[in-house]
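A.B. asks: Dropping the structure in here first, questions after.
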Amino acid sequence: MIKKVRLTSFVLIALIVGCLGWQGTFAQSEQGEYFEATGHYVAGEFLHFYHSVPNPQELYGNPITEVYIDATTGHSIQYFEKARFELYPDAPAGQRVRLSPLGEYLYEETGLSLKFPDNACRILPRGYRVCYDFLTFFDKNGGDAQFGLPLSNAEIQGGLIVQYFDNARFEYQTGAPPGSKIKLGKLGSQYFNLHEVPSRRDPRVNGNIVDGILNLKARAFPATAVTKLKGKQTVYIIVKDQRRFPIADAIVTLVVRMPSGKESSYIVPVPTNAQGVTQHTFNFESGEVGTAVIRVTATYQNLKTQTITSFRIWW
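Each residue of the sequence shown is one higher than the last, beginning at 7 in our numbering.
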């Protein structure tokens with residue numbers, strides 16, 4: 007005898023919200039490379055510099071602005087999550103794009119410096135030590151050419167072990183696996199939030215500023231995975247944008263195709279709520295066992311997306 011497993015609406019929605027996720031992507035365009043995760047382009051010399059390292063996402067992150075002129079220096083700049091690029095047009099080729107010393111701009115000494123054995127460290131100019139995983143990460147990812155020189159020894163800040171360099175902040179992640187314990191702090195985002203105009207972060211599509219919603223992502227889940235030939239089924243739908251922000255007031259329609267090929271269409275009467283979630287219950291009857299396929303379409307303003315889910319009619 008096959009037992010049916012039913013989840014209450016509350017538990018199912020909690021699983022949906024807790025487990026659902028998708029990663030932003032980037033694509034080539036005439037304007038450069040478009041980063042869907044943040045809605046910005048990187049082009050020209052900045053794009054070449056971005057890809058001059060084998061792991062740009064790890065070292066720089068996604069762009070958070072377009073290129074614009076810094077009012078103080080007159081240089082073209084572009085912010086990334088972990089860095090800021092500056093263009094020096096009069097410099098020799100290969101040296102025109104430089105990293106802003108955001109570590110220097112943001113470092114504040116805490117006095118909570120940590121001590122490590124001499125044989126685990128290297129002393130760099132200015133007399134500071136780079137040790138253990140920090141030293142491995144420093145050497146592996148370009149050394150002082152990439153990060154500049156240390157501005158401190160490793161120290162405790164906000165419950166983390168960190169070390170500041172001219173261009174970066176190393177953060178020790180205790181729970182990360184060996185070889186991946188060092189991450190770079192998001193100094194680009196931090197400095198931008200302190201000193202720049204917030205609207206410069208607004209995403210762009212085809213060069214135009216939009217409200218931040220570039221495309222939709224939808225997922226759908228049946229309440230009952232295995233059913234009888236006749237009964238009721240509830241489908242839960244969640245709709246988000248490219249940044250994984252929930253979309254409220256999206257309109258959802260369903261097309262249910264039974265194993266026989268018969269289709270039924272439904273307009274979900276209640277749009278998605280503030281968490282991007284809606285649901286719909288329908289009656290069904292099948293003359294045969296098999297898989298019932300549910301095609302879900304979500305629409306918000308002029309954007310549309312589709313997804314598919316299914317349930318098994320077994321007895």
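All C-beta atoms in this analysis are idealised placements derived from N, C-alpha and C, irrespective of residue type, glycine included.
1. What is the rounded straight-line gap between the Cα of I253 and the Cα of P204?
2. Within 10 angstroms of the Cβ of L120, are there 16 or more other Cβ atoms? Answer buried if so, exposed if not.
3. Of all the alpha helix (DSSP H) runs that stay within the bounds of the stretch 123-183, which reach a length of 4 or more residues?
4. If you draw a straight line from the C-alpha of L112 to the C-alpha of Q239, how long is it?
5. Note down the Cα distance separating S106 from F91, rounded to an integer number of angstroms.
6. Using the Cα positions of L222 and P183, report the straight-line distance between them to the nearest angstrom.
7. In the DSSP assignment, find the unbroken beta strand (DSSP E) run with G38 in it and report its ends.
8. Rounded to a whole number of angstroms, what is the C-alpha to C-alpha distance between V241 and T287?
9. Between which residues of its own chain and A33 is the CB-CB distance below 8 Å, once the five residues before and five after are set aside?
10. Under 8 Å between the Cβ atoms of S292 and L235?
11. Around the C-beta of T278, are 16 or more other C-beta atoms found within 10 angstroms, so that it is buried, or is it exposed?
12. Tell me, please, whether the stretch 70-81 touches the stretch 152-164 by the rule of three or more beta-carbon pairs shorter than 8 Å.
13. What's the call for S82, buried or exposed, on a 16-neighbour Cβ count within 10 Å?
14. Assign D255 to one of two classes, buried (16 or more other C-beta atoms within 10 Å of its C-beta) or exposed (fewer than that).
15. How would you label N173, buried or exposed, when you count the other beta carbons within 10 angstroms and need 16 or more for buried?
16. CB-CB under 8 Å to A49, same chain, minus the five flanking residues each way: which ones, in chain order?
17. Identify whether P252 lies in helix, strand or coil by the three-state DSSP scheme.
18. Could you compute how far the alpha carbon of L220 sits from the alpha carbon of V302?
19. Could you check the C-alpha separation between Q312 and V276 for me, to the nearest Å?
20. CB-CB under 6 Å to C127, same chain, minus the five flanking residues each way: which ones, in chain order?
21. For T79, which residues does DSSP report across the bridge?
22. Assuming L193 and R175 are in contact, meaning their beta carbons sit under 8 Å apart, how far apart are those beta carbons, in whole angstroms?
23. If we call anything under 8 Å between Cβ atoms a contact, is I319 one with P265?
C.D. replies: In this structure, then:
1. The count along the sequence shown starts at 1 and reaches residue 253 at position 247. The count along the sequence shown starts at 1 and reaches residue 204 at position 198. Those two C-alpha atoms are separated by around 22 Å.
2. Here residue 120 refers to the residue found at position 114 when the sequence shown is read from its first residue. By the 10 Å Cβ count, L120 comes out exposed.
3. Every alpha helix (DSSP H) stretch that sits fully inside the stretch 123-183 and reaches 4 residues is listed by chain position as 138-146 and 149-153.
4. Here the question's residue 112 lines up with position 106 in the sequence shown. Here the question's residue 239 lines up with position 233 in the sequence shown. Each residue's Cα considered, the two are about 55 Å apart.
5. Residue 106 sits at position 100 when you count from the first residue of the sequence shown. Residue 91 sits at position 85 when you count from the first residue of the sequence shown. Cα-Cα distance, rounded: 6 Å.
6. As a working mapping, residue 222 is identified with position 216 in the sequence shown. As a working mapping, residue 183 is identified with position 177 in the sequence shown. L222 and P183: Cα-Cα distance of roughly 33 Å.
7. The residue labelled residue 38 in the question sits at position 32 within the sequence shown. Looking at the DSSP string, the run of the beta strand (DSSP E) that includes G38 is G38 to F41.
8. Here the question's residue 241 lines up with position 235 in the sequence shown. Here the question's residue 287 lines up with position 281 in the sequence shown. Between V241 and T287, the C-alpha separation is close to 6 Å.
9. Translated into positions along the sequence shown, residue 33 becomes position 27. Its pLDDT being 47, under 50, A33 is placed unreliably by the model, and nothing is read from it.
10. Here residue 292 is taken as the residue at index 286 of the sequence shown, counted from 1. Here residue 235 is taken as the residue at index 229 of the sequence shown, counted from 1. Yes; because the gap between Cβ atoms is below 8 Å, this pair is in contact.
11. Position 272 of the sequence shown, counting from 1, holds the residue named residue 278. Buried, since its Cβ has 16 or more Cβ neighbours within 10 Å.
12. no
13. In the sequence shown, counting from the first residue as 1, residue 82 sits at position 76. Result: buried.
14. As a working note, residue 255 is residue 249 in the sequence shown. So D255 ends up on the exposed side.
15. Taking the sequence shown and counting its residues from 1, the one referred to as residue 173 is at position 167. With 16 or more other Cβ atoms within 10 Å, it is buried.
16. Your numbering for residue 49 matches position 43 in the sequence shown. The residues are Q37, G38, E39 and V73.
17. Your numbering for residue 252 matches position 246 in the sequence shown. In this structure, P252 counts as strand in the three-state DSSP scheme.
18. For the purposes of this step, residue 220 is taken as the residue at position 214 of the sequence shown. For the purposes of this step, residue 302 is taken as the residue at position 296 of the sequence shown. Straight-line Cα distance between these residues: approximately 19 Å.
19. By one-based count along the sequence shown, residue 312 stands at place 306. By one-based count along the sequence shown, residue 276 stands at place 270. Those two C-alpha atoms are separated by around 18 Å.
20. Along the sequence shown, one-based indexing puts residue 127 at 121. Result list for C127: R135 and C137, in chain order.
21. What you label residue 79 is simply residue 73 of the sequence shown in a count that begins at 1. Answer is none; T79 lacks a bridge partner.
22. On the sequence shown, position 187 is the one that residue 193 refers to. On the sequence shown, position 169 is the one that residue 175 refers to. L193 to R175, Cβ: 6 Å. Contact.
23. For the purposes of this step, residue 319 is taken as residue 313 along the sequence shown, with counting starting at 1. For the purposes of this step, residue 265 is taken as residue 259 along the sequence shown, with counting starting at 1. Yes; because the gap between Cβ atoms is below 8 Å, this pair is in contact.
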